[in-house]
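Worksheet: the structure to be examined is printed underneath.
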Amino acid sequence: MSRYLLDANVFIQGKNLHYGFDFCPAFWDWLVEQNQAGVVASIEKVSDELVGAGDELADWATARGRPFFLAPDDVVLPALGEVSAWATGQNYEPAAIATFLQVADYWLIAHARAHEFIVVTHEVPSESVRKIKIPNACIGLGITCVSRYEMLRRERARFVLGVAT
610 MSRYLLDANV FIQGKNLHYG FDFCPAFWDW LVEQNQAGVV ASIEKVSDEL
660 VGAGDELADW ATARGRPFFL APDDVVLPAL GEVSAWATGQ NYEPAAIATF
710 LQVADYWLIA HARAHEFIVV THEVPSESVR KIKIPNACIG LGITCVSRYE
760 MLRRERARFV LGVAT
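In the working numbering, the protein residues as written are 610 to 774.
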């Protein structure tokens with residue numbers, strides 16, 4: 610069974626674009642069902658980003674709590690060192706490395722590495738030395754990274770039109 614760890618942009622772009630709460634509640638229901646099945650999750654640091662917005666997505670994230678947004682555990686802590694060592698061993702500008710080590714992406718990648726999750730993000734690899742992108746870190750660390758759409762296809766998600774309520 611594949612397990613997926615979602616980046617903040619999956620939730621934010623979902624809400625703002627293709628899966629608005631008002632017209633595509635099935636996406637959000639699917640995330641909750643898949644979380645309960647142990648397939649989909651995210652991390653506490655992503656929840657912090659989402660809750661900080663104070664909008665409908667913040668309310669949704671708050672309602673999901675710890676079962677959906679995982680806290681770092683003893684297995685994640687050594688992985689943080691591995692991710693840090695990878696980042697500092699690349700050609701990134703010092704400011705890019707410093708920023709990366711302070712944001713949720715760092716924790717997301719370490720959690721995925723520690724617990725063998727597939728990372729789900731809308732970021733794409735970049736040759737820039739000014740910002741560490743999630744896919745670049747995943748490639749460098751041997752972590753599978755896919756888009757939200759690839760995850761939905763792999764898991765055969767279906768959002769079928771029903772009667773409006």
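Heads up, the beta-carbon is just placed ideally off N, CA and C, and yes, glycines get one too. As the structure is a prediction and not an experimental result, all values here were calculated from the model.
**Message:** Let me make sure I understand the geometry here. Which of A617, W695, I706, P676 has the alpha-carbon closest to that of I752?
**Reply:** W695
**Item:** Spatial distance of W716 from R767 (CA atoms)
**Value:** 30 angstroms
**Message:** Less than 8 angstroms between the beta carbons of L679 and H731, yes or no?
**Reply:** no
**Item:** Distance CB(F726)-CB(L614) smaller than 8 angstroms
**Value:** yes
**Item:** Cβ neighbours of A782 in the same chain (closer than 7 angstroms, five flanking residues each side left out)
**Value:** Past the boundaries of the shown model lies residue 782; the chain is included only from 610 to 774, so the question cannot be answered.
**Which of helix, strand or coil DSSP assigns to S693** = helix
**Message:** Assuming the contact rule is C-beta atoms closer than 8 angstroms, E764 and Q622 should be a hit. Round their C-beta distance to whole Å, please.
**Reply:** That pair is no contact at about 18 angstroms.
**Prompt:** Do you know whose CA, among V729, C747, A650, lies nearest E759's CA?
**Reply:** V729
**Item:** Which listed residue (S737, I718, I741) has its alpha carbon closest to that of P681
**Value:** I718
**Message:** On the criterion of 16 or more Cβ atoms from any shown chain inside 10 Å, does A672 qualify as buried, or is it exposed?
**Reply:** exposed
**Message:** Tell me which residue opens and which closes the beta strand (DSSP E) that L615 is part of.
**Reply:** 613-615
**Prompt:** Since L679 sits in a beta bridge, which residues does DSSP pair it with?
**Reply:** I652
**Asked** According to DSSP, what are the bridge partners of C754?
**Response** V728
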